[in-house]
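Participant:
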Amino acid sequence: MAIRFEKIVTGRFGNPEASTLAGYEAAGGYQAIRKILGKAEPKNVIELVKASGLRGRGGAGFPCGLKWSFVPQSLNPKYLAVNGDEGEPGTFKDRELMIRDPHQLIEGIVVACYAVGIAKAYVYIRGEFDAPWRAVERALGEAYAKGYLGENILGSGFGCDVYAHRGEGKRGHPRLKPPFPAVVGLYGKPTVINNVETLSNLPHIVNNGAEWFAGIGIDEKNTGTRMYCVSGHAARPGLYELPLGLTCEELIYEHAGGMRNGKALKAVIPGGASAPVLTAQEVREGKVRMDFDSLAKAGSMGGSGGVIVMDETACMVQAAGRLARFFEHESCGQCSVCREGTGWVSEIINRVEAGRGRADDLATLASIDPNMRGNTICVLSDACAMMFGAFLKKFHREFEAHVEQGRCPLGSPYPA
Amino acid sequence: MALGARFPHSPGEERFEFTPENRAELGRIMAKYPARRSALIPALQLAQKQAGAVTSAVMQHLAAIFGISPMDVWGVVSFYSMLKTRPVGKHHVMVCDNLSCALLGAGSLLRHLEQRLGCRAGHTRADGKFSVERVECLGACGGAPCLQINEDYFERVTPAMADEIVAALEKGEPVAPVGADEAAPPRDGAGAAQESAAQESAAQESAAQEKAAG
Ligand SMILES: Cc1cc2nc3c(=O)[nH]c(=O)nc-3n(C[C@H](O)[C@H](O)[C@H](O)COP(=O)(O)O)c2cc1C
Ligand code: SF4
Ligand code: FES
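Chains as they are written, first to last, in my numbering: chain A, 1 to 416; chain B, 417 to 630.
#1: Which residues of chain A have a Cβ atom closer than 9 Å to the Cβ of N438 of chain B, listed in chain order?
#2: Do we get a CB-CB distance below 8 Å when we pair P237 of chain A with the residues of chain B?
#3: Listed from N- to C-terminal order along the chain, which residues in the stretch 538-562 of chain B have their beta-carbon within a distance smaller than 7 Å of any beta-carbon of chain A?
#4: CB of S497 of chain B to nearest heavy atom of ligand 3: below 7 Å?
#5: Between G443 of chain B and A81 of chain A, what straight-line distance do the alpha-carbon atoms span, to the nearest angstrom?
#6: Less than 7 Å separating the Cβ of R325 of chain A from some heavy atom of ligand 2?
#7: Between G491 of chain B and ligand 2, is the CB less than 7 Å from at least one heavy atom?
#8: Assuming L496 of chain A and A280 of chain A form a contact by the criterion Cβ under 8 Å, report the distance between their Cβ atoms to the nearest whole angstrom.
#9: If the cut-off is 8 Å on Cβ atoms, which residues from the stretch 310-322 of chain A count as contacting chain B, listed in chain order?
#10: Would you say the beta carbon of I193 of chain A comes nearer than 7 Å to a heavy atom of ligand 1?
#11: Going by other Cβ atoms of all chains shown within 10 Å of its Cβ, with 16 needed for buried, is K120 of chain A buried or exposed?
#12: Is V591 of chain B near ligand 1, with its Cβ less than 7 Å from a heavy atom?
#13: For G406 of chain A, is the classification buried or exposed, using 16 other Cβ atoms within 10 angstroms of its Cβ as the cut-off for buried?
#14: Is any heavy atom of ligand 3 found at a distance shorter than 7 Å from the C-beta of S516 of chain B?
#15: Figure out for me which residue from A:A40, A:K67 and A:E41 has the closest Cα to the Cα of G53 of chain A.
#16: Grab the span of the alpha helix (DSSP H) containing D94 of chain A for me, first residue to last.
#17: Ligand 3 and A560 of chain B: does the residue's C-beta get closer than 7 Å to at least one heavy atom of that ligand?
#18: Is any heavy atom in ligand 2 found nearer than 7 Å to the beta carbon of Q318 of chain A?
#19: Roughly how many angstroms lie between the CA atoms of Y114 of chain A and G341 of chain A, to the nearest whole one?
#20: Which runs of the beta strand (DSSP E), 3 residues or longer, sit entirely within the stretch 463-513 of chain B?
#21: Is there at least one Cβ from chain A nearer than 8 Å to G607 of chain B's Cβ?
#22: How about G321 of chain A: is its Cβ closer than 7 Å to a heavy atom in ligand 3?
#23: Verify the CB distance criterion: does S485 of chain B have a CB-CB separation below 8 Å to chain A?
#24: Taking 8 Å as the threshold, find out whether the stretch 127-143 of chain A comes into contact with the stretch 170-177 of chain A through three or more Cβ pairs.
#25: If you measure from the CB of I377 of chain A, is any heavy atom of ligand 2 nearer than 7 Å?
#26: Quick test of your reading: L149 of chain A and C160 of chain A, contact by CB under 8 Å. State the CB separation rounded to the nearest angstrom.
#27: Which one or two residues does DSSP pair with R289 of chain A in a beta bridge?
#28: Below 8 Å CB to CB, which residues in the same chain sit around I46 of chain A once its five sequence neighbours on both sides are set aside?
#29: Quick check for students: name the residue ranges of the beta strand (DSSP E) that lie wholly in the stretch 30-84 of chain A, counting only runs of 3 or more.
#30: Under 8 Å between the Cβ atoms of L199 of chain A and R226 of chain A?
#31: What residues in its chain sit with their C-beta under 7 Å from that of E220 of chain A, if we drop five residues either side in the sequence?
#32: Between R453 of chain B and chain A, is any beta-carbon pair separated by less than 8 Å?
#33: Answer yes if the stretch 15-31 of chain A comes into contact with the stretch 180-195 of chain A, meaning at least three C-beta pairs across the two stretches below 8 Å, and no otherwise.
#34: Determine the burial state of H396 of chain A: buried for a count of at least 16 other Cβ atoms within 10 Å of its Cβ, exposed for fewer.
#35: Start and end of the alpha helix (DSSP H) containing V352 of chain A?
#36: Let me know the secondary structure DSSP gives A535 of chain B once reduced to three states.
Structural data, given as C-alpha cells:
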C-alpha cells in the first residue's frame, strides 16, 4: 500500500505568525468552527470523528469519538480536561503544539466541547512549562476578544469557556476506576480527557473530512499522523510528523538522519518510557511499523510517541536504571506495590549497574515484575514493570555480565 | 514524591502576606475555577516567587485564604518538586538527567556545571546566586541535553555553552532561552536538517569534553 505523506498538526510550524490569532486566521484557522457551530448536529460531529478513526495521542490510543460517546448526555455540567502534562520521558510534542500553534488547540477544544455538549474546558499544563502557559494564556485572551470563546460563539447559540489550569489543588493522586471519568471526573463531574495532540487534529478533520484523515495512515484503525519525538542517538533528533504505519527503520534512517556518527543501532523505545524496548534485531527483522496496532503486535506500544534511539555504546542496565528512577519519583505512593516496587526496582537495577549487584538480584527483579502488574489504582506500576521486564528479558546477558564482572562491561558510558 | 518529608516549622520566621498585586492576581485566578482550591498551586507558585520559598508562614497564610488546614497545603507542597520549602538560588539551574539527556551527555554537563558554579546538585551556593538540581524529563528531549534556569529552557547545551550562560548570569546580563521558543526555528524535519551541522559539531565537542573528563 502507498502511505500518503501530509502534515496535519505541524503544518503551520514553519510560520512564526501562526501562533498569533491573525496569523492563524490568515492560514485558514477558525474555519472548522464556522462550519459546524449551530450548523451540524453535535452527534454528527461525534460520528465524523469516529469515522476518521482518530485515536488518542496521549498514551493509550483509545478511539476519540468512542470515548466521547460514553459521556452521559443528560448530566451537567460536563468538563473537558485537556492533558498538557507531557510527563512521559522521551515526549516533547505537546509543548511545541502549545507554543507554536495554540489557536489550533483552542479550535480543537471548541469542536470537542460542541460535539459532547461541554461548556467548560481546562487545559492542564505542567508546572515547569512556562512558555507554553504564556502562549496558551495569550491565545485564550485573543480568542475571547474575537468571540471565538465565551457565550454565543459566532452567533451560533453555542458557548464555552476555556481556562489554563494547574490541577485541582490536591496531591496528584489517581482515583480508583470505576467510576470512570466519563461519569465522575474533574470536580466530580462527567469529564472527557483528551491529549493536546489529539485535540489539535480536530479542526483538520472537520475541514477536510473523515475520509481524508483516514486516507493518511496504514489502515482504518491507524489513521492520520503522529508527532514522533525522536531523541537519543539519532543523527537528527527532533519532531517528525509522519503518517502512522511508517516502519521504525524508515523513521530513523530516512527521516531522522540515521544513527549519530554512523554507529550501529542497539535498541529503540518506541512510545515513551513506558513502552517496552525493542532490540535492533526486532526492529530490522520484524520490519516493525510505528502505528498503534503494529507496535502492540511487536510486544510494545505507540504510547506517547516518544522514540528513544540507542546505539551500540549505550548500556541497557543504565538505561533501565534511569527510567526506573523516574518511575520511583513519579509513584504517588497510594498503592504499596507501586510505592515499594518502583523503589526496589530502581535500587536493584542501579546497584547492578554500579557493579554492586548480588547473585540473586536478577531473580529478585524477575519476581517483583508480576506483582507490579494489574494490582494498582493506575497503570504507572504496570508501566514500570513493562519497562524493566522488557530490558531484563531482552538484554539478560548484559545484566548478568554486570553482576559477574562487578562492573559495567560498557564502562558506564553515561555516568550520573 | 517526598516521602517522610516534614512540615518545615521555622519559629522565628517573619509573617507572610501577599503583596496587593499578587493578592489581586490570585483573585483573578480563583474566579476561573468551580472550586477555589484549584487556585492553590498557582497561589503557591506566586508565593514562592514573592518569598523565595514556600515557608511555613506562606503555608499558614494560604491555608487561611483557602479555608483549609496548613497540613492540607503541606500535602500539596510536598507532592510537587517545583515547590521549594527552602530558598533556591537567584538562578536555579535544573539539569535533566533522564534517559534521552543522559544518552547525550547530561552526566558530564551536570558535573561540569557543579564545578563551574562551585555548587553541588541539591544545594544552593553560599552567596545565594546559584543553586543546582537534577530533575526528571523536562519534555524537551529532542534538544538533549537540556537545562531549565528559573523559567527558561536551554537546549542542546554543551559545556562551553553552559559556561557562556553562567558568565552572563554572573554579570547580571539577560540570557535568551535556546530551543522551542516562539522565535526559534521549529525542530521538524526541515528545521532539523538546517540545524544538523551545528549539532554535529556540538556533539563532537561534548564527546571530546567527555573524553577529557575521563
Ligand atoms: C502514569 C500515566 C501518565 C500519563 N501521562 C500522560 C501525559 O503526560 N499526557 C497525556 O496526554 N496523557 C498521559 N497519560 C494518558 C492519560 O491518562 C489519558 O489517557 C490521555 O490524556 C487521554 O487523552 P487521549 O485519549 O486524547 O490520548 C498518562 C497515563 C498514565 C497512566
Ligand atoms: S499505581 Fe502508583 S502512581 Fe498509580 S495510583 Fe498506585 S501508587 Fe499512585
Ligand atoms: S530526557 Fe531530558 S528533557 Fe526529556
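Ideal Cβ positions, reconstructed from N, Cα and C, are used throughout, including at glycine.
Given the structure is predicted, the values throughout are model-derived calculations rather than measurements.
Facilitator: With the structure as the only source:
#1: What N438 of chain B touches in chain A: nothing, since even the nearest Cβ is about 16 Å away.
#2: yes
#3: E552, C553, L554, G555, A556, C557, G558 and A560
#4: no
#5: 22 Å
#6: no
#7: no
#8: Shown here, chain A extends from 1 to 416; a query on residue 496 of chain A therefore has no answer.
#9: M310, A314, Q318, A319 and R322
#10: yes
#11: buried
#12: no
#13: exposed
#14: yes
#15: A:K67
#16: D94 to R100
#17: yes
#18: no
#19: 43 Å
#20: 507-512
#21: Its pLDDT being 40, under 50, G607 of chain B is placed unreliably by the model, and nothing is read from it.
#22: no
#23: no
#24: no
#25: yes
#26: 7 Å
#27: A:T247
#28: G65, W68, S69, A115 and V116
#29: 79-84
#30: no
#31: G53 and A214
#32: yes
#33: no
#34: exposed
#35: S336 to E353
#36: A small correction: the amino acid at residue 535 of chain B is Cys; Ala does not occupy that position in the sequence shown. C535 of chain B: coil per DSSP, three-state reduction.
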